[in-house]
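Novice:
There are 2 protein chains.
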Amino acid sequence: MNEHANGHYSASSYRTPDGAPSDIVIFTITSSERAGAKKALPTRRLEVLLIKRQKWPFEGLWALPGGFTKETETVEECARRELEEETGVSDVHLEYFNVYSKPGRDPRGWMLSHAFVALVRESFLAGRRTSDEAADVALMPVEDAVGLELAFDHRSILEDALERIRVRMLTTTIAKEFLPEEFTLSELYQVIRAVIPSFEERNFIRKVTSTQSRKGILEEARDASGEPKTSNRYSQRPAQLYRFTDYSPMLSIYG
Amino acid sequence: MNEHANGHYSASSYRTPDGAPSDIVIFTITSSERAGAKKALPTRRLEVLLIKRQKWPFEGLWALPGGFTKETETVEECARRELEEETGVSDVHLEYFNVYSKPGRDPRGWMLSHAFVALVRESFLAGRRTSDEAADVALMPVEDAVGLELAFDHRSILEDALERIRVRMLTTTIAKEFLPEEFTLSELYQVIRAVIPSFEERNFIRKVTSTQSRKGILEEARDASGEPKTSNRYSQRPAQLYRFTDYSPMLSIYG
DNA sequence: GAAATAGTGTCTATGAGACAATATAGC
DNA sequence: GCTATATTGTCTCATAGACACTATTTC
């Protein structure tokens with residue numbers, strides 16, 4: 001154990017890491033009906049999944065789900081495995097974003113933590129929230145989570161993850177990870193606002209449908225006979241359904 | 001050595017990593033005078049620094065500079081230390097971009113490599129290229145480097161690094177890392193083109209100077225008396241000098 | 001005046017941004 | 001008809017993109 005694979009390597013007497021965990025910031029967007037109105041846009045909120053630690057260190061504190069990488073897998077495979085063990089979901093958007101290696105960050109030893117963001121649709125986690133271990137696993141609003149004392153340096157990790165998805169929400173099409181295949185533009189707008197409360201575009205519909213440079217990221221959903229598909233789930237007047245294309249524009253600050 | 005810091009940790013019988021190297025993709029842009037013309041724009045080329053390995057494994061192959069992280073430092077501190085040892089430069093732009101952890105990627109054992117991009121001005125490396133170890137250290141055009149067989153998975157790392165700086169060249173102001181404090185718009189344009197050969201903007205000057213949304217990333221350089229500063233280093237007619245402001249716009253695919 | 005790069009004029013089409021106005025369907 | 005959301009009309013101004021033209025200095 002912990003011997004080097006062979007002796008050609010002069011660093012074999014060096015101290016080596018005690019582990020390389022992957023930690024996963026699992027985000028979801030919950031919808032809740034607004035009281036009163038019958039057909040009204042639901043309130044959407046960005047939430048993060050945390051686990052209450054059962055043992056030393058940081059026993060009793062909330063922490064990000066995660067686990068140790070094995071020598072037979074990549075850190076990404078580890079994250080995907082832990083994600084499935086923890087939430088039962090697979091095939092979700094998982095994105096590596098940083099490594100945390102500050103000496104002393106883990107009292108158990110020299111641990112290099114690899115942090116991922118996972119984006120999960122609310123429906124995927126539906127069963128989870130009512131499971132027996134509900135007390136140890138919580139889905140909580142991000143504003144609440146960043147206000148808590150978390151285990152290890154998980155608060156920094158969470159803040160970095162948040163920053164990360166805010167940037168990527170605006171520069172990539174990850175909004176699709178929180179939406180059904182076909183959605184209305186109000187839904188899209190709400191998803192963006194759930195992640196970035198300050199996002200405000202008065203003419204949102206105008207822009208995403210008519211802008212030449214951005215045209216191409218969205219297309220109208222049509223049924224078998226070619227008629228535009230609409231939905232009146234959230235409105236009296238049916239709204240046009242859209243879907244993301246697989247085109248992703250290249251942004252530039254220079255033009 | 002390699003014992004866990006304490007016994008509370010149930011994973012203490014697991015295999016642990018054999019090392020966590022940092023590898024650094026050091027980019028620079030070289031300028032060379034074009035033959036013939038007296039005052040002409042130099043040719044700028046993106047180059048990468050590679051080191052010829054002297055020992056097993058991959059002896060004789062070119063590799064990215066790097067080295068092992070110590071338990072008393074972060075992987076970033078390791079990268080910065082290695083960068084200085086290797087090139088003598090400090091205070092340069094250094095950016096972490098990915099971890100490489102595929103089992104078997106390093107025949108010496110279970111190594112998790114943390115990859116960085118460093119952006120260095122040509123002048124910083126000037127002394128280095130004529131040093132004694134010139135045969136072991138090379139600054140070579142990136143097109144050449146990606147065509148070579150490199151040690152470990154360094155070719156993948158290099159390709160990823162290239163993709164990374166191409167995106168960041170267009171979405172952030174890292175172009176400043178390759179330019180003097182004050183520069184002409186032709187120089188800026190050339191730097192962008194050295195990194196992204198396909199970048200073409202006919203009205204480059206127009207855009208960066210007159211666009212409201214982008215206005216703010218650049219400002220005209222002025223001398224003590226408030227007069228605009230110009231340079232005729234590369235042209236007969238003097239060109240206005242600019243500098244980057246510290247404003248960095250937030251791009252969005254939605255408007 | 002030729003060379004070499006810097007910068008402007010001009011024209012057209014399109015987009016941004018603001019808001020008012022109208023449309024649709026359920027209640 | 002009221003409500004709540006969806007969508008279009010309209011107007012103004014700024015920008016994109018193309019390309020010809022003028023400017024400035026050195027040789």
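Residue numbers (full-length UniProt numbering), protein chains in the order written: chain X, 1 to 255; chain H, 1 to 255. Virtual Cβ for every residue (Gly too), placed ideally from N, Cα, C.
Could you tell me how far apart the beta carbons of His154 of chain H and Leu119 of chain H are, in whole angstroms, since I believe they sit closer than 8 Å?
Specialist: Not a contact, Cβ separation roughly 18 Å.
Novice: Per the DSSP calculation, residue 256 of chain H is bridged to which residue(s)?
Specialist: Beyond the ends of chain H as shown, which are 1 and 255, falls residue 256 of chain H; an answer cannot be given.
Novice: Use the C-beta contact count for Ser32 of chain H: other C-beta atoms within 10 angstroms, 16 or more gives buried, fewer gives exposed.
Specialist: exposed
Novice: List the residues of chain H that Ile26 of chain X touches, going by C-beta distances under 8 Å, in chain order.
Specialist: Correct list: empty, because the minimum Cβ distance to chain H is about 20 Å.
Novice: Taking C-alpha atoms, which residue in X:Phe199, X:Phe58, X:Glu220 lies nearest to Thr209 of chain X?
Specialist: Closest option to Thr209 of chain X, judged by alpha-carbon separation, among X:Phe199, X:Phe58, X:Glu220: X:Glu220.
Novice: Any idea what DSSP makes of Lys52 of chain H, helix, strand or coil?
Specialist: Here Lys52 of chain H sits in strand by DSSP.
Novice: Does DSSP put Met169 of chain H in a helix, in a strand, or in coil?
Specialist: In the structure shown, Met169 of chain H falls within a helical segment according to DSSP collapsed to helix, strand and coil.
Novice: Would you list the one or two residues that DSSP bridges to His114 of chain X?
Specialist: X:Ser22, X:Val99
Novice: Shorter than 8 Å from the beta carbon of Glu201 of chain X to some beta carbon of chain H?
Specialist: yes
Novice: Exposed or buried, what is Met169 of chain H when buried is set at 16 or more other beta-carbons lying within 10 Å of its beta-carbon?
Specialist: buried
Novice: Using the beta-carbon of each residue, which ones in chain X are nearer than 7 Å to Lys102 of chain H?
Specialist: Thr74, listed in chain order.
Novice: Cβ of Lys176 of chain X less than 8 Å from any chain H Cβ?
Specialist: Not closer than 8 Å to any Cβ of chain H, the Cβ of Lys176 of chain X fails to qualify, so no.
Novice: Short of 8 Å in beta carbon distance, which residues of its chain neighbour Glu73 of chain H, apart from the five on each side in sequence? Order them along the chain.
Specialist: Arg81
Novice: At 4 residues or longer, and completely inside the region 138-188 of chain H: list those alpha helix (DSSP H) runs for me, N to C.
Specialist: 142-147, 154-171
Novice: With a threshold of 8 Å between beta-carbons, can Lys229 of chain H be considered close to chain X, or not?
Specialist: no
Novice: Arg105 of chain X to Glu95 of chain X, Cα distance in whole Å?
Specialist: 22 Å
Novice: Kindly list the residues whose CB is nearer than 7 Å to the CB of Phe152 of chain X, restricted to its own chain and excluding five residues on each side of it in sequence; keep chain order.
Specialist: Phe58, Ala63, Arg105, Asp106
Novice: Which same chain residues end up closer than 8 Å to Tyr234 of chain H when comparing Cβ atoms and leaving out the 5 residues on each side of it in sequence?
Specialist: Lys39, Ala40, Leu41, Pro42, Thr184, Ser186, Glu187
Novice: Does Gln240 of chain H come out as helix, strand or coil in the three-state DSSP assignment?
Specialist: In the displayed model, Gln240 of chain H falls within a strand according to three-state DSSP.
Novice: Would you say Glu20 of chain H lies against chain X (beta-carbon separation less than 8 Å)?
Specialist: Just to set this straight, residue 20 of chain H is Ala in the shown sequence, not Glu. Yes - at least one Cβ of chain X is within 8 Å of the one on Ala20 of chain H.
Novice: Does the beta carbon of His154 of chain H come closer than 8 Å to any beta carbon on chain X?
Specialist: no
Novice: Would a C-beta distance cut-off of 8 Å place Thr230 of chain H and Leu241 of chain H closer than the cut-off?
Specialist: yes
Novice: How would you label Tyr189 of chain H, buried or exposed, when you count the other beta carbons within 10 angstroms and need 16 or more for buried?
Specialist: Classification of Tyr189 of chain H: buried, given that the 10 Å Cβ count is 16 or more.
Novice: Verify the CB distance criterion: does Lys52 of chain H have a CB-CB separation below 8 Å to chain X?
Specialist: no
Novice: Which residues in the same chain as Gly19 of chain H place their Cβ atom closer than 6 Å to its Cβ, once the five residues preceding and following it in sequence are excluded?
Specialist: Result list for Gly19 of chain H: Phe68, Met111, in chain order.
Novice: For Phe204 of chain H, I'd like the list of residues in its chain whose CB is within less than 6 Å of its CB, leaving aside the five on either flank, ordered along the chain.
Specialist: Tyr189
Novice: Going by DSSP, which residues form a beta bridge with Ser222 of chain H?
Specialist: Sequence check: residue 222 of chain H is Arg here, not Ser. In DSSP, Arg222 of chain H forms a bridge with H:Pro228.
Novice: In three-state terms, what does DSSP make of Ala63 of chain H?
Specialist: strand
Novice: Which residues does DSSP list as the beta-bridge partners of Glu47 of chain H?
Specialist: H:Thr28, H:Pro141
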